[in-house]
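Notes for the one structure printed next.
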Amino acid sequence: MTPRSRPLTLALPLVTLAVAALLPFVLSNFRLFQFTQVFIYAIALLGLNILTGYNGQISLGHGAFYALGAYTSGIMMDRWNAPFLTTLPVAGAVCLGAGFLFGIPALRLEGLYLALATFSLALAVPQILKYFEHWTGGSQGLVLSKPEAPFRLTLSPDQWLYFVALATLVLSMILAWNLLRGRTGRALIAIRDHHIAAEAMGVNSALYKSLAFGVSAGFTGVAGGLSAGAIAFVAPDAFNVFLSVTFLVGIVIGGLASIAGVVWGALFIQFVPNWAQDISKAAPWAIYGVFLIVFMYTMPRGIAGTIRTVWARRRVNVRSSPAKGGPP
Amino acid sequence: MRFRTVARLLAVALPLALVSAAVAADTPGVTATEIKIGNTNPYSGPASAYGTIGKAIGAYFKKVNDEGGINGRKVNYISYDDAYSPPKAVEMVRKLVEQDQVAALFQTLGTPTNSAIHKYVNQQKVPHLFVATGATKWNDPQHFPWTMGFQPNYQTEGRIYAQYILKNLPDAKIGILYQNDDYGKDYRKGLHDGLGEAAKKLIVMEQTYEVTDPTIDSQIVNLKNSGANVFFNVTIPKFAVQAIKKSHDIGWKPTHFLNNVSSSLGTVLKPAGLDASKGLITALYQKEITDPQWKNDKGYLDWVAFMKKYYPEGALDDQSNAYGYLAAQTLVQVLKQCGNDLSRENIMKQAANLKNFELALLLPGMKVNTSPTDFAPIEQEQLAKFDGERWMLFGELYDASKK
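Chains as they are written, first to last, in the working numbering: chain R, 1 to 328; chain Y, 1001 to 1403.
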């Protein structure tokens, strides 16, 4: 990294964060709710991206972990009146455990076979949730109260949830960045690129793969917990197979193996279906399909990948003609 | 010259602005020329077959607007896809209320989706009228004064069969088959409540199935072997066809009560076999549009004319299209009663003030009634027996509000 670009790479996220922190005092509550959803999706996508983008394991079942997180939070708030914030780490921990355990048998499966195994998870979980009716409210679901801001903060519930989601997203991104930039990240990527070579170099493939599954599910579970608070209702119908597919769309559009890409992906899965509906009431999913194809065709490496390429090309140009952009 | 033009413009514009501001302040979604009505429907996703209800409603409002609107106002009907997903329903309803500023929500479809928005709309004090679900909880004016149901609920229907059994079948041995979810359990509860003390004695067996099961043949065999002579069949169309066929094939001839959900001639009785269906008893509130007895009925013919002109792509054998038409007519009546006061309070007040309102696609003699303590508009049903060709109505109209 050149000395010149360091302040810029630091400044850009900080400016974005500052803008994001100011939005609640400008936007309507409805828009805030939509952006809260974006942040929540971004956390879930971050989880999936660690697994699929960095470690190369395809999951079509992350909706199941999202559901598990949502129900963990929901049941804690409904049954024990637990404060909303305390339910989030629990939701993350429960999903981390569940993901790790699921990761062990998943080790024997690769590629499409793993995709199918995780797909079965997405299919089964909503029904299993109905079975434990005493806890989950069956197909009626659980109606929750919207979390209010604590400590007599004068924030509306929508503003409060927005800040909680934003803070959780930033925290998750820092955590993921720390995890992925060092040894662990290199090991995960090595396994993705050539697992035999990685093992030959002494990487414990089995451990890292199940660990990736656990951490990935943990992030997604926290996102699920947040969604329980934001929607104030959990029911099996909210977590159908389509949700899992949507997550996969999100990370591919946003950019595989990119931390910043999850925000782009989340913006896409939140807003593009709505735009598609505004364009055509008769065939919104056909329009959505067109959007997908256009994005994949023009940005095959996802939005984040394309930005990175454009940025790199610009820097090369700047360097080769110092008279234009260099310091005097 | 210029000053005068500006002054003149101001003189016109200011009072107008003030008036419209005053109107907007207490009557969101209403202007001198239009009234905004919001709706969500599953146009995609697992329940998209019901999406035709939302389209039939839109077509009916188009007809109303073509004929001059309601008290001079056109209905601006905004309907979004919620894909039957509760989080999506919350987002779309918040968009309708906070961004589009609709005057009222109408016919939002589905039990889970409406459950997700129930608290929110009542906090926002937005009329949430004639929700499209058969669950029992929408009639609760004391706790949810802004939400109102529409069709007879499943428990009411269960109680109607119970009353018939107590009166006419003293030696009944009842076998029940129900779907293992809220829908099935609501019917079962209605029957149990209606039978009261006698339930323990009369019900000899209860069987359930999951909506994902491939067949229910073994449940039917079990019910036959239990010695039941009355069969309470709480199944959706696919399984109702199987149940009617199977019990016919194994020679089980109980008094067979079939829930209203599966009373369609076109999608249930014909596929099951008209001969095997002979003798079935159900409770109806709408005119079954595939039943030949209504083919010269004025209400039916008007509906067909409407469908052909305003919703030609809609199916004429899909009862959902008749249902949407019924619901839209009911809302139009409420808005007519509101006159010029289209505040949310008055819309709710008039919705709770329907008196002996008649709809041409309801059974003859049925009336829609609501009051501040009764948020269940359609509460009457009539039993009907299938004679091999059509549903023959018999007995009196049952009225759940009087029991």
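We put the CB at the ideal spot given by N, CA and C, even for glycine.
Residue(s) in a DSSP beta bridge with residue i
i	result
ASN1233/Y	LEU1177/Y and LEU1258/Y
TRP1391/Y	PHE1386/Y
ILE1035/Y	VAL1030/Y and VAL1075/Y
TYR1080/Y	THR1040/Y
VAL143/R	PHE233/R
PHE39/R	The partner list for PHE39/R (beta bridge, DSSP) is empty, contrary to what the question assumes.
GLN1380/Y	ASP1399/Y
LEU1284/Y	GLN1382/Y
TYR1209/Y	GLN1179/Y
Contact with chain Y by residue i, beta-carbon distance below 7 angstroms
i	result
SER156/R	no
VAL310/R	no
TRP340/R	Residue 340/R lies beyond the range of chain R shown here (1 to 328); nothing can be said about it.
SER411/R	This structure cannot settle anything about residue 411/R, because the visible part of chain R is limited to 1 through 328.
TRP285/R	yes
PHE268/R	no
PHE233/R	yes
ASP193/R	no
ALA238/R	yes
PHE30/R	yes
PHE100/R	no
Residue i - DSSP class collapsed to helix/strand/coil
i	result
THR1373/Y	coil
ALA1022/Y	Only weak support exists for where ALA1022/Y lies, its pLDDT of 42 falling under 50; the value from the coordinates is given anyway. Residue state, collapsed to three classes: helix.
PHE77/R	Here the sequence assigns Met to residue 77/R, which means Phe is not the residue at that position. Residue state, collapsed to three classes: helix.
PHE1306/Y	helix
THR309/R	helix
ASN1225/Y	helix
LYS1204/Y	Sequence check: residue 1204/Y is Val here, not Lys. If DSSP states are grouped into helix, strand and coil, VAL1204/Y belongs with the strands.
ASP1249/Y	helix
ALA257/R	coil
LEU12/R	helix
ALA283/R	coil
LEU1105/Y	strand
GLN1124/Y	helix
LEU1014/Y	In this prediction, LEU1014/Y has a pLDDT of 49, which is less than 50 and means its spatial position is unreliable; what the coordinates show is noted afterwards. LEU1014/Y falls in the helix class under three-state DSSP.
ILE1070/Y	strand
LEU298/R	This sequence places Thr at residue 298/R; Leu is not what is there. In the structure shown, THR298/R sits in a helix (DSSP, three-state: H, G or I).
THR220/R	helix
LEU23/R	helix
THR1215/Y	coil
ASN240/R	coil
ILE128/R	helix
SER1277/Y	helix
Any chain R beta carbon closer than 7 angstroms to residue i
i	result
SER1313/Y	Per the sequence shown, the amino acid found at residue 1313/Y is Glu instead of Ser. Taking Cβ atoms only, chain R never reaches closer than 7 angstroms to GLU1313/Y, which makes this a no.
SER1320/Y	no
ALA1243/Y	no
ASP1081/Y	yes
GLU1098/Y	yes
ARG1094/Y	yes
LEU1397/Y	no
ALA1021/Y	Low local confidence applies: a pLDDT of 43 at ALA1021/Y is under 50, so the model's placement there is unreliable, and no value is given.
SER1085/Y	yes
SER1226/Y	no
PRO1141/Y	no
Test item: CB-CB of residue i and residue j under 7 angstroms
i	j	result
ALA1283/Y	LEU1383/Y	yes
GLY255/R	ILE189/R	no
VAL222/R	ALA91/R	yes
LEU1354/Y	THR1370/Y	yes
GLY224/R	THR87/R	no
VAL1234/Y	GLY1184/Y	yes
GLN958/Y	MET1392/Y	What is shown of chain Y runs 1001 to 1403, which leaves residue 958/Y out entirely.
PRO1042/Y	ASP237/R	no
PHE33/R	VAL143/R	no
ALA1103/Y	LYS1036/Y	yes
THR1208/Y	TYR1178/Y	yes
GLY1038/Y	LEU1105/Y	yes
VAL125/R	GLN270/R	no
SER210/R	LEU60/R	no
Residue i Cβ short of 6 angstroms to the ligand SAM heavy atom set
i	result
LEU1169/Y	The ligand SAM is absent from the structure shown, which contains no ligands of any kind.
is_contact[residue i, chain C] using C-beta, thresh 7 angstroms
i	result
SER1044/Y	The chain labelled as chain C is not found among the protein chains of the depicted structure, namely R and Y.
4 or more residues per run - each alpha helix (DSSP H) lying fully within the region 1130-1196 of chain Y: 1154-1168 and 1182-1195
Which runs of the alpha helix (DSSP H) fall wholly inside the region 1298-1372 of chain Y and span at least 4 residues, in chain order? 1298-1310, 1319-1338 and 1344-1351
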